[in-house]
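Asker: I'd like to ask you about the structure that follows.
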Amino acid sequence: MQQKKEAEFITQSQALSVGIFNTIAGATLDAQKTNASASQGRQTIIKTVLETAPCNLVLVPAAATDSLRDHYNAVRQSASNADTGQPAKSVPAVTHAK
Numbered sequence: 752m753q754q755k756k757e758a759e760f761i762t763q764s765q766a767l768s769v770g771i772f773n774t775i776a777g778a779t780l781d782a783q784k785t786n787a788s789a790s791q792g793r794q795t796i797i798k799t800v801l802e803t804a805p806c807n808l809v810l811v812p813a814a815a816t817d818s819l820r821d822h823y824n825a826v827r828q829s830a831s832n833a834d835t836g837q838p839a840k841s842v843p844a845v846t847h848a849k
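Residue 752 is where the sequence shown starts when you use our numbering, and the numbers rise one by one after that.
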């Protein structure tokens with residue numbers, strides 16, 4: 752009887768662990784899709800501006816540079832949470848140039 756209860760407990764624990772893993776994996780995939788979609792939007796806007804500009808010095812719209820800077824800093828911040836098994840290397844934040 753005791754062995755049966757232990758086996759049931761182990762099975763329930765494993766099922767719970769798999770459920771938690773699936774939830775985390777699903778959230779990660781959703782975040783990746785959101786980031787990819789936002790990146791494609793930024794790329795489209797920048798390409799459109801650059802394709803319609805003459806072949807000389809082109810000022811990139813402030814909204815585009817702000818969006819890219821925010822994206823870079825968000826990626827930089829989330830990368831500090833990754834465990835690569837390697838020593839962390841400092842990646843500088845990009846600040847607003849004046």
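By construction, the Cβ of each residue, glycine as well, lies at the ideal position given by its N, Cα and C atoms. In this text, all values refer to a predicted model and were calculated from it rather than measured experimentally.
#1: Assign VAL800 to one of three DSSP states: helix, strand, or coil.
#2: Given this structure, state the Cα-to-Cα distance separating GLN697 from ILE775, to the nearest angstrom.
#3: If you draw a straight line from the alpha carbon of PHE760 to that of ARG827, how long is it in whole angstroms?
#4: Do you know offhand how far ALA813's Cα is from THR785's?
#5: Runs of 3 residues minimum, wholly inside the stretch 762-793: which ones carry the beta strand (DSSP E) assignment?
#6: Using only the alpha-carbon positions, how far apart do MET752 and THR762 sit?
#7: For the ligand ADP, I want to know if ILE761 counts as a neighbour, meaning its beta carbon is within less than 7 Å of at least one of the ligand's heavy atoms.
Answerer: On the basis of the data shown:
#1: In the three-state reduction of the DSSP assignment, VAL800 falls in the helix class.
#2: Because the chain spans 752 through 849 in this model, residue 697 falls outside it and cannot be assessed.
#3: Near 41 Å, if we compare the C-alpha coordinates of ARG827 and PHE760.
#4: Their Cα atoms are separated by approximately 23 Å.
#5: Segments of the beta strand (DSSP E) lying fully in the stretch 762-793: there are none.
#6: Roughly 15 Å between the two C-alpha positions.
#7: Within the structure as shown, the ligand ADP is missing, as the structure has no ligands at all.
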